[in-house]
Amino acid sequence: DASLTEVNSFSPSVPISPSSMINQYKFEDAPELRDLFITVDDPESHVTAIETFITYRVVTKTTRGEFDSSEYEVRRRYQDFLWLKSKLEEAHPTLIIPPLPEKFIVKGMVERFSDEFIETRRKALHKFLNRIADHPTLTFNEDFKIFLTAQAWELSSHKKQGPGLLSRMGQTVRAVASSVRGAVKNRPETFTEMNNYMETFSQKINLLDKIAHRIYKEERDYLNEMKEYGPVHTLWSASEEGVADSLKGVAGCLDRCCRATEKRMAALAEHLLPILHEYVLYSEILMGVLRRRDQIQGELDSKVDALANKKTENDLFSEEIGKLEDKVERANNALKADWDRWKQNMQWDMRSTFTNVAENNLRYYEE
Amino acid sequence: MEDCLAKKMEITVSEAEKRTGRNAMNIQETYTAYLIETRAVESQSEGPCAPVESLWRRYSEFELLRNYLSVTYPHIVVPPLPEKRADFVWHKLSADNMDPDFVERRRIGLESFLLRVASHPVLCQDKIFYAFLMQESGWKEMVNETGFQLKADSRLKALNATFRVKNPDKRFTELKHYSDELQSVISHLLRVRARVADRLYGVYKVHGNYGRVFSEWSAIEKEMGDGLQSAGHHMDVYAASIDDILEEEEHYADQLKEYLFYAEALRAVCRKHELMQYDLEMAAQDLTSKKQQCEELATGTVRTFSLKGMTSKLFGQETPEQREAKIKVLEEQIQEGEEQLKSKNLEGRDFVKSAWADIERFKEQKNHDLKEALISYAVMQISMCKKGIQVWTNAKECFSKM
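As they're listed, the protein sequences go chains B and X. For the first sequence, the UniProt record's numbering assigns the number 1 to the initial residue and increments by one for each residue that follows. For the second sequence, the UniProt record's numbering assigns the number 1 to the initial residue and increments by one for each residue that follows.
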């Protein structure tokens, strides 16, 4: 109970203390303490004069006080998810926002409305919302709440509010400018380490993703050849007398092998491939987060430089600087905490995924 | 099989050596020679071991031996030689005759050939075969002196020639169909197996990439590092294991190939029967027509149209003396023909009897060998799975420690 209230009163202006961080971990590991349950299902196709699109049903069950009801059911389309993600990024530039499934996979040559594609996307969207729900900060984000609860027209009108396109563009311009100005100086050691880590990690995870896909392909090719192998033996048994039973036996075994291979492949597609893909996206996100942190720091640094040069209007400036310093501090801490959390998660994910792969292989060989 | 050579003598093809020499056309060539070692087996295990005798032979000499045996014992299903050129290869296997793995598998095949001949109740007693094992020089001349090449019916060489046989032994016709089916199905199986092996190789080898990337990744991880590193090691082990597995499978493929070629030998026996039957029927036909002619001349009636009959009608009858002479010649021919037919019939029946006996022996051998081969294949697969289980159990442990 105590841990819950502590988290509930969490506000961005207070740097996180180690003890509350531990509580956050517990918050994730113990699903009984969860008070927000989200499912994404039931994809439906909608046809209008202009376009065809898919909506997904988002069901939310919660015991939280700030929610008016305990159950919500809304329909959302991919665009809405994109909107949510960008709002979260805006509000928390140095927090790690979970990845969304890509818009349209051209490489995989998957039909935009194929069942496979829709199902993969649905699963990814489900994961996306749940990761947000599990995040100690993001879960209380106002836009998130609106996303989960608002009716379609409410959401559209809410979307239209908020900083307009121009101000958003302004932000981007400033961001680019500051990054060009070399925001890398004054970067605390921790973040340089993170950057280096992310570069290598990103490389490796991309490789793993490719390898896993390659294995999947090789297995499929293997399966195709194996499908012929059993029948050949059955054919042979037709012309034999003494050996016919043995041959039929072998044919039966080979067919079982085929089925076991199919199971293995399905497990790969279900568990390993999506996770690897998610972390490929994550690595991109993290690089982005690190860049944004650098930007914020860059802002601070430039103001500090300006102060050093001007030496006038100390009070105003130092207040501004103070604010910026806070901002940087917050950003840094948020990132650090989130980073650790992310790594924990990643570790756990990788562990369970690969263990799963191992188990599947064991099952395969045992069969 | 009480007196067969295999029981009295140990035969092995123990080594293979690359050699260069000049061939019949005086052109330099490289070939492989195989060492045949023989040793008499003492009936008591206590007795001193007899000395090992040995000589070198090359593949072409084995071929000569086999050709001799096929011609000399047409009713026997003669064991086949291992393939001349590597066939049914999957991509990692070389098709080169000089490749050491191919040479090794051929060595085993040649040994198997010799052992099969030595265990055959009829073939093992052949003197040329014995000389092949014991006498290095002058053997070729000895074989050629038997004049077996003259006996070889050139008609058999025309593989697709069909003989219109009216009354073949039904069993042989069925057998021929069977041998065709066997050839076709084993070829098909070997092709599919080669493709499956190729793909399996791919699956295993790509896992090796895991090993490399895990190892690189572990360098940047703290808690996960050890787990990743050791898991990567297991992936490497997994990827490497496929080489041995597939090599073992090649031996299984060779066992199947032997029966692919045996099907050919079986077919040859059937065709020899066909040929004999054809000759028999031709001879019988010839005899019948001669008898008819004789009758016509004797009675003066023309039952069937013949040019001679017509011409004699047109150009005048023959004299009685001429007719008598003709009849006499025909009667002699008929006599000869009847004797020939009798002996041919006898030959044919003997052939069918002894051939069928050998075919029954062959069928039993085939069933036994194929069963064993399939069992060994299953054992191989089980062993492969056990290895897989071991690797992935280890990997799982490493992963869970991450």
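We put the beta carbon where it would ideally sit given N, CA and C, even for glycine.
Taking residue 88 of chain X as part of the alpha helix (DSSP H), name the residues at either end of that continuous run. For the purposes of this step, residue 88 of chain X is taken as residue 88 along the second sequence, with counting starting at 1. For residue 88 of chain X, no alpha helix (DSSP H) run applies, since DSSP gives it neither H nor E.
Provide the residue span of the beta strand (DSSP E) that contains residue 259 of chain B, from first to last. As a working note, residue 259 of chain B is residue 259 in the first sequence. Where residue 259 of chain B is concerned, there is no enclosing beta strand (DSSP E), although the alpha helix (DSSP H) it sits in stretches over 244-267.
Taking contact to mean 3 or more Cβ pairs, one atom from each stretch, closer than 8 Å, check whether the region 278-286 of chain B and the region 90-104 of chain B are in contact. The region 278-286 of chain B vs the region 90-104 of chain B: in contact.
How would you write the range of the alpha helix (DSSP H) that residue 329 of chain X sits in, first residue to last? To locate residue 329 of chain X, count along the second sequence from 1; it is residue 329. 320-400 is the span of the alpha helix (DSSP H), which, as asked, contains residue 329 of chain X.
So, for residue 182 of chain X: in the same chain, excluding its five sequence neighbours on each side, which residues have a beta-carbon less than 6 Å away from its beta-carbon? Start at 1 with the first residue of the second sequence, and residue 182 of chain X comes out as number 182. Taking residue 182 of chain X as the centre and dropping the five residues before and after it, the same chain places the C-beta of 263 closer than 6 Å to its C-beta, in chain order.
Using 9 Å as the limit for Cβ to Cβ distance, is residue 192 of chain B near chain X? As a working note, residue 192 of chain B is residue 192 in the first sequence. For residue 192 of chain B, not one C-beta of chain X is nearer than 9 Å to its own C-beta.
According to DSSP, is residue 202 of chain X helix, strand or coil? For this step, residue 202 of chain X is matched to residue 202 along the second sequence. Helix at residue 202 of chain X.
If you draw a straight line from the C-alpha of residue 28 of chain X to the C-alpha of residue 240 of chain X, how long is it? Counting from 1 along the second sequence, the entry for residue 28 of chain X is found at position 28. Counting from 1 along the second sequence, the entry for residue 240 of chain X is found at position 240. Their Cα atoms are separated by approximately 40 Å.
When the Cα atoms are used, what is the spatial distance from residue 61 of chain B to residue 71 of chain B? Taking the first sequence and counting its residues from 1, one reaches residue 61 of chain B at position 61. Taking the first sequence and counting its residues from 1, one reaches residue 71 of chain B at position 71. Each residue's CA atom was taken as its position, placing residue 61 of chain B and residue 71 of chain B some 5 Å apart.
Where does residue 61 of chain B fall in DSSP's three states? The sequence position of residue 61 of chain B within the first sequence is 61, counting from 1. Collapsing the DSSP output to three states places residue 61 of chain B in a strand.
Within its chain, find whatever has a CB closer than 6 Å to the CB of residue 45 of chain B; leave out the 5 residues flanking it on each side and keep chain order. The residue labelled residue 45 of chain B in the question sits at position 45 within the first sequence. Around residue 45 of chain B: 54.
The region 323-336 of chain X contacting the region 283-291 of chain X, beta-carbon criterion three pairs below 8 Å: Verdict: yes, contact present.
Run through the region 128-160 of chain B for me and flag every whole beta strand (DSSP E) of 3 or more residues, listed as ranges in chain order. The region 128-160 of chain B contains no whole beta strand (DSSP E) run of 3 or more residues.
Report the three-state DSSP secondary structure of residue 98 of chain X (helix, strand or coil). As a first step, residue 98 of chain X is located in the second sequence; it is residue number 98 there, counting from the start. DSSP places residue 98 of chain X in coil when its eight states are reduced to three.
Close beta carbons around residue 63 of chain B, own chain, < 6 Å, minus the five adjacent residues each side: Taking the first sequence and counting its residues from 1, one reaches residue 63 of chain B at position 63. Excluding positions up to five away in sequence, the list reads 35.
Whole angstroms is fine: what's the gap from residue 68 of chain B's alpha carbon to residue 151 of chain B's? Residue mapping note: residue 68 of chain B aligns to position 68 of the first sequence, counting from 1. Residue mapping note: residue 151 of chain B aligns to position 151 of the first sequence, counting from 1. Their Cα atoms are separated by approximately 14 Å.
Is residue 106 of chain X helix, strand or coil by DSSP? To locate residue 106 of chain X, count along the second sequence from 1; it is residue 106. In the structure shown, residue 106 of chain X sits in a helix (DSSP, three-state: H, G or I).
Verify the CB distance criterion: does residue 228 of chain B have a CB-CB separation below 9 Å to chain X? For the purposes of this step, residue 228 of chain B is identified with residue 228 of the first sequence, where counting begins at 1. Cβ-Cβ to chain X under 9 Å: yes for residue 228 of chain B.
For a contact defined as C-beta to C-beta under 7 Å, what are the partners of residue 210 of chain X on chain B? Translated into the one-based positions of the second sequence, residue 210 of chain X becomes position 210. By Cβ distance, chain B contributes 211.
Short CB-CB distance (under 9 Å) between residue 337 of chain X and chain B: Locating residue 337 of chain X in the second sequence gives position 337, where the first residue counts as 1. No, residue 337 of chain X does not count as interfacial toward chain B.
First and last residue of the uninterrupted beta strand (DSSP E) at residue 42 of chain B: Reading the first sequence from its first residue, position 42 is the one you call residue 42 of chain B. Start and end: 36-47.
Which residues of chain B have a Cβ atom closer than 9 Å to the Cβ of residue 67 of chain X, listed in chain order? Sequence index remark: in the second sequence, residue 67 of chain X carries index 67 (1-based). Result: empty, since nearest Cβ-Cβ is about 29 Å, beyond 9 Å.
Given that residue 371 of chain X touches chain B, what residues does it touch there, using C-beta distances under 8 Å? Residue mapping note: residue 371 of chain X aligns to position 371 of the second sequence, counting from 1. At a C-beta separation below 8 Å, residue 371 of chain X has these neighbours in chain B: 242, 243, 246.
Between which two residues does the beta strand (DSSP E) carrying residue 74 of chain B extend? One-based indexing of the first sequence puts residue 74 of chain B at position 74. Note, residue 74 of chain B: beta strand (DSSP E), 71-77.
Assuming residue 11 of chain X is part of the beta strand (DSSP E), what are its boundary residues? In the second sequence, the residue the question calls residue 11 of chain X occupies position 11. That run of the beta strand (DSSP E) goes 9-22.
If we ignore side chains and look at the alpha-carbon of each, how far apart do residue 80 of chain B and residue 147 of chain B end up? For this step, residue 80 of chain B is matched to residue 80 along the first sequence. For this step, residue 147 of chain B is matched to residue 147 along the first sequence. One C-alpha to the other measures close to 8 Å.
Taking the beta carbon of residue 198 of chain B as the centre, do at least 16 other beta carbons fall within 10 Å, making it buried, or is it exposed? Counting from one through the first sequence, the residue named residue 198 of chain B turns up at place 198. Burial call: buried.
Unbroken alpha helix (DSSP H) run spanning residue 405 of chain X, endpoints: Here chain X comprises residues numbered 1 to 402, so residue 405 of chain X is not present and cannot be evaluated.
Between residue 272 of chain X and residue 82 of chain X, how many whole angstroms is the CB-CB distance? I'm expecting something under 8 Å. Locating residue 272 of chain X in the second sequence gives position 272, counting from the first residue. Locating residue 82 of chain X in the second sequence gives position 82, counting from the first residue. Here residue 272 of chain X is actually not in contact with residue 82 of chain X; their C-beta atoms are around 24 Å apart, not less than 8 Å.
I need the straight-line Cα distance from residue 301 of chain B to residue 294 of chain B, nearest angstrom please. For the purposes of this step, residue 301 of chain B is taken as the residue at position 301 of the first sequence. For the purposes of this step, residue 294 of chain B is taken as the residue at position 294 of the first sequence. Rounded to the nearest angstrom, the two C-alpha atoms are 10 Å apart.
Got a sec, what are the start and stop residues for the beta strand (DSSP E) residue 35 of chain X sits in? The residue given as residue 35 of chain X occupies position 35 in the second sequence. It spans 28-40 - the beta strand (DSSP E) in which residue 35 of chain X sits, taken as one unbroken run.
Residue interval of the alpha helix (DSSP H) (run including residue 230 of chain X): Here residue 230 of chain X is taken as the residue at index 230 of the second sequence, counted from 1. From DSSP, the alpha helix (DSSP H) with residue 230 of chain X extends over 225-299.
List, in chain order, every chain B residue whose beta-carbon is nearer than 7 Å to that of residue 217 of chain X. The count along the second sequence starts at 1 and reaches residue 217 of chain X at position 217. Within 7 Å Cβ-Cβ: 204.
Any C-beta of chain B sitting closer than 9 Å to the C-beta of residue 14 of chain X? Position 14 of the second sequence holds residue 14 of chain X. Output row for residue 14 of chain X: interface = no.
When B/47, B/85, B/129 are compared against residue 40 of chain B, the one with the closest alpha-carbon: In the first sequence, the residue the question calls residue 40 of chain B occupies position 40. Checked all of B/47, B/85, B/129; the closest Cα to residue 40 of chain B is B/129.
Across the region 6-19 of chain X and the region 28-37 of chain X, are there enough close Cβ pairs to call them in contact, namely three or more that are closer than 8 Å? Because the criterion of three Cβ pairs below 8 Å is met, the region 6-19 of chain X and the region 28-37 of chain X touch.
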